[in-house]
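Colleague: Numbering (our numbering), first residue to last: 81 to 1033. Every residue gets a Cβ at the ideal spot worked out from N, C-alpha and C, and that includes glycine. Because the structure is a prediction, the values reported are computed rather than measured.
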Amino acid sequence: MSFLSVTRHFLPRARAASTLAFQIRIFLNELPEVPLALGRRPSPRLWRAPQPQRTRLVHSVAVSVEQPLLGARSERGTGRKCQCSSLASKQKEMPTGKPFERLPGTVRPKHYVLSLLPDLKALVFDGDVAVQIEVVKQTSEIVLNAIDLEIQNVTLKGNNVLESPKTTSFSVDDETVTFTFAKPIAPGPYSLSMTFKGELNDKMKGLYRSKYQNQQGEERYAAVTQFEATDARRCFPCWDEPSLKATFDISLSVPRDLVALSNMPVKHSKETSGLIRYDFETTPIMSTYLVACVVGEYDYVEDKSADGVQVRVYTPRGKKEQGLFALEVATKVLPYYKDYFDIAYPLPKIDLIAIADFSAGAMENWGLVTYRETCLLVDTQNTSAVQKQWIALVVGHELAHQWFGNLVTMEWWTHLWLNEGYASFVEYLCVDHLFPEYDIWTQFVNDTYIRALELDCLKNSHPIEVPVGHPSEIDEIFDDISYNKGASVIRMLHNYIGDEDFRKGMNLYLTRHQYKNTFTEDLWAALEEASKKPVGAVMSTWTKQMGFPVIKVTSRPDPDNKGVVLTLSQSKYTADGSKPPEDFLWMIPVSITTSKRKTVSTVLKTKEAEVVIPDVGPGDWVKVNPGTVGFYRTQYEPKLLERFIPAIKDRSLPPLDRLGLLDDLFAMVQAGHTNTVEVLKLLEAYEDEADYTVWSSINNVLVKLNMLLSYTDCVDEFRTYQKRILSKVSKRLGWNPDPTERHLDTLLRGLVLGRLSWLDDDDTIGEAQKRFDAHVNSSQTLPADLRSACYKTVLRAGGEDVYNTLLKLYRSVDLHEEKDRISRALGAAKDSEILSKVLKFAISDEVRAQDTVFVIISVAMSRVGRDLAWRFFVDNWALFNDRYKGYLLTRLVKFVAENFASEESAKEVEQFFKAHDISGTERTVQQAVETIRLNAAWLQRDTDAIRNYLSSN
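1) Whose C-beta lies closer than 7 Å to the C-beta of F1035 among residues of the same chain, with five residues either side of it excluded?
2) Tell me which residues share the same chain as A922 and place their Cβ nearer than 6 Å to its Cβ, disregarding the 5 neighbours each side in the sequence.
3) Since I believe S353 is in contact with L197 (beta carbons under 8 Å), could you give me their beta-carbon distance rounded to a whole number of angstroms?
4) Which one of S903, S810, T219, T591 has the shortest CA to CA distance from L887?
5) Just to confirm before moving on: does the CB-CB distance between H896 and T454 stay below 7 Å?
6) Quick one, are the C-beta atoms of D744 and T714 less than 7 Å apart?
7) So, D379 versus K400, is the Cβ gap smaller than 7 Å?
8) Exposed or buried, which one is L407 when buried takes at least 16 other CB atoms within 10 Å?
9) Just to confirm my understanding: we take V143, look at its own chain, exclude 5 residues before and 5 after, and list those with CB closer than 7 Å. What are they?
10) Among E230, S611, E444, whose alpha-carbon lies nearest the alpha-carbon of K584?
11) Going by other Cβ atoms of all chains shown within 10 Å of its Cβ, with 16 needed for buried, is P264 buried or exposed?
12) State the DSSP-derived secondary structure class of P551, mapped to helix, strand or coil.
13) Count the other CB atoms, across all protein chains shown, that sit within 10 Å of the CB of V525; report buried if there are 16 or more and exposed otherwise.
14) If I measure Cβ to Cβ from D1022 and keep anything under 7 Å in the same chain, skipping five residues before and after, which residues do I get?
15) Hey, how far is the Cα of M81 from the Cα of E308?
16) Between I222, Q306, S271, D199, which has its C-alpha nearest T248's C-alpha?
17) Do you know whose CA, among L827, V832, E983, lies nearest E517's CA?
18) Taking 7 Å as the cut-off, decide whether the C-beta atoms of T186 and V209 are in contact.
19) Buried or exposed for A386, please, with buried defined as at least 16 other CB atoms from any protein chain shown within 10 angstroms of its CB.
20) Assign N779 to one of three DSSP states: helix, strand, or coil.
21) Is it true that the CB of V506 sits closer than 7 Å to the CB of I520?
22) CA-CA distance, K277 and C315?
23) Beta-carbon within less than 6 Å of R1013's beta-carbon, same chain only, minus the 5 sequence neighbours each way: which residues are those?
24) Mark A958 as exposed unless 16 or more other C-beta atoms lie within 10 angstroms of its C-beta, in which case mark it buried.
25) Classify R313 as buried or exposed, calling it buried when 16 or more other Cβ atoms lie within 10 Å of its own Cβ.
26) Is the Cβ-Cβ distance between H753 and T600 less than 7 Å?
27) Taking the alpha-carbon positions, what's the D841 to L739 distance?
28) Whose C-beta lies closer than 7 Å to the C-beta of W1018 among residues of the same chain, with five residues either side of it excluded?
29) Can you tell me the Cα-Cα spacing of Y653 and A262, whole angstroms?
30) Taking 8 Å as the limit between beta carbons, can you name the residues of its chain near T773, skipping five residues before and five after?
31) Looking at C-beta atoms only, is the number of pairs between the segment 407-424 and the segment 939-949 that lie closer than 8 Å three or more?
32) So does the segment 434-451 actually touch the segment 281-299, counting three or more Cβ pairs closer than 8 Å?
33) Under the three-state reduction of DSSP, which class applies to T1034: helix, strand or coil?
34) For P415, name the three-state secondary structure that DSSP assigns.
35) If we call anything under 7 Å between Cβ atoms a contact, is S568 one with Y529?
36) How long is the line joining the alpha carbons of T368 and A995, rounded to whole angstroms?
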């Protein structure tokens, strides 16, 4: 699933999902918003740290050599089991989940025959289902999942049995229905038949209604399914757990003028009573959360992939040309994945469809992938380059799931990261192959890797593998850990074992477990078998432990080798700089490179080790973690850090290393290991920077500091500082795109102007007002990539008149992307009265429920708006809690709360949520309160030094 991230995707990429101190980025610049158990699982194993020991590595040849650190014994090799302490003892206490038990193992579904009849006028549906089941153990009860359904006419047939249950009972808390029979049911095959009724709800889950306007401007509804994680039970009674796979025969009865779609192609159709009944071919064996149906008015474009799969992209009627880009991507993605996995896509067709009301970014239903309109449709005149790039990533992500998630499925939600982390990695492989001009792997570091580090350093983070049980707990793990940390550690693993062995291992994993369910250990076993490296031992330290290490680097001369001896020591990095209560130890694949481009690779298995790097002169730099591949922070002693400054200025240090240095130093500042002034000084070395990805990291630093300093008297001085840092790059790029410029320069212009839009720069305001007037008067259309920055700039400089003009523009367009762009710019207003109007507008009928959250978040990006947004959230809590239970609610909670910076605010947020039901958002609330206190400590620690530096410079 892709979630819109409030920063990187202004949504989840039921990527979803993700996830999110990248947070403010989508608001400040035009970035797509992409948008995250008590199961049967092996006991978690944690690596216990041995006593500190120092080993010495001497590399006579330092060119991509991998050697083990001497004396760092693998715990596998000792024959000693890895000790498992409870996760709670290794980290801050986790939120307490609701009591929960999985469905009994006495009955297993084999095949569903499901018929649905949605009524798009009365907004209800009728259905019937006959489930072929296997009673594994004698029982008098059959328990399955159902919620918000009226179930009737229950009959059990088979083994000379034909009877209805003696009693039927529902559990709202457990979301189950229990049929109790008069006599015990003997083991064997049976058929359980039921009829049922339900509402086409407006909650964007289960079988729900999606509102749209047809070509005549009339309001209409489509019927759409969204079942992940646990909402198939809202559509039909079923065994709604990922491991309880079955096959499905699905039928839809719909009016003749509507399109009806499901996972498989239509087998046959016939007209009865004014309706068309479509019977679809039998699906492969699959989990209930992947079942999908859509009924509505749609056009489509189609093509066949090189490997013979029929691909269609469904769009609103009259807009099929907007599906052409996604069609091009999808038809190329399928053969790429077939070649990469060495396994063909197993279904005869794949449909991609744009849905008007959709909570996530996209959903990987097998054979029928559903998307937000903004994550699928491209208008050649009005879609920005960054949004188009995002669409390519989302399409690549969801189609990766057709293998990794659909063909092979995690056994329980504890292993969600197997689905989402892997798809979030592979989407970049795919897009890099299709669009090399995007230089997408450099963007991965800023958009995925750093986002994960920012969340995972909190005491209220969670391991990649987090035990979940009750459905209310599952939505919280569709976050930056499951998606972004998952993708980042797989990228590290891919680099560690190499692409060839990685591909071999993936083929082995998918072939061995196709149509089945897996645990994380199954993936490690396949990759270990392919690579002959200790994948399980290395990776278990990354998936079962919360957090990540910081490697501290010191050096001393080594005259014998005309080089240096580096001392590497690892410890757990914490956001507040505190020492963890217990020892943590990771097995860390480490690479080291020098200015002479010589590279050493090893695995750091102990608390401390020495590495000899030969041929390093007095002025040469030595970089740990080149390419920013390893999932850890690096802390250099000052003399090593100073050697990078000339290489940053002349850009001889590669872009990802320039980015990584800045981000690691900023992390040390946040944790209190060094003063914020050191980052302000380092940023001045980047004044001639030209790389988009590096500027994205610089922008993140500026945004965070701007938020913090809004609570001080340094606001004007810091605004002047930012303008100075941005002056050279803004003058070089200007406002006018060059027809021959690189894709990344187009993105960089939008980023820089987006940052300037918040700084009230006179030149930027003048140019923006001129271009905005021409755009509104239709004399010269603004390029899509500049609109967000332009809208924010003129709104901040203007007042009520500009606000009303933007509202008029919002009401006149029908492209969802443009509506998003305008509505999310409204939060940039400086006037509190206008911001109050924006908040009321956000919950009006003019804004889709899925978009309300992001309009409110845009208001919370400034100090004056943050107070207003929080009060608005508190006053309308009942509305939001009812409307958004799940992913969107956790995102709203996160962004309206976490950017305060005082103990008083922390207590207020804490007390509010103690007094209200927050089931499903407990961890998010804890993270927000922790972040507020980190902000407060940061200000108390560094404000005086920052003030002195800014005033003297």
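Modeller: If we stick to the structure as given:
1) Past the edges of the chain, shown from 81 to 1033, lies residue 1035, and the structure says nothing about it.
2) T932, V935, I936
3) Going by Cβ atoms, the distance from L197 to S353 rounds to 10 Å, so no, they are not a contact pair.
4) S903
5) yes
6) yes
7) yes
8) buried
9) Residue placement at V143 is flagged as unreliable, the pLDDT there being 32, under the threshold of 50; the coordinate-derived value follows with that caveat. Result list for V143: K678, T679, in chain order.
10) S611
11) exposed
12) helix
13) buried
14) N755, T756
15) 8 Å
16) I222
17) L827
18) no
19) exposed
20) helix
21) no
22) 9 Å
23) A986
24) exposed
25) buried
26) no
27) 26 Å
28) Q750, L788
29) 60 Å
30) D519, T522, Q523, V525, N526, P735, L736, L739, L824
31) no
32) yes
33) This structure does not reach residue 1034, given that the chain is present from 81 up to 1033, and the question cannot be answered.
34) helix
35) yes
36) 36 Å
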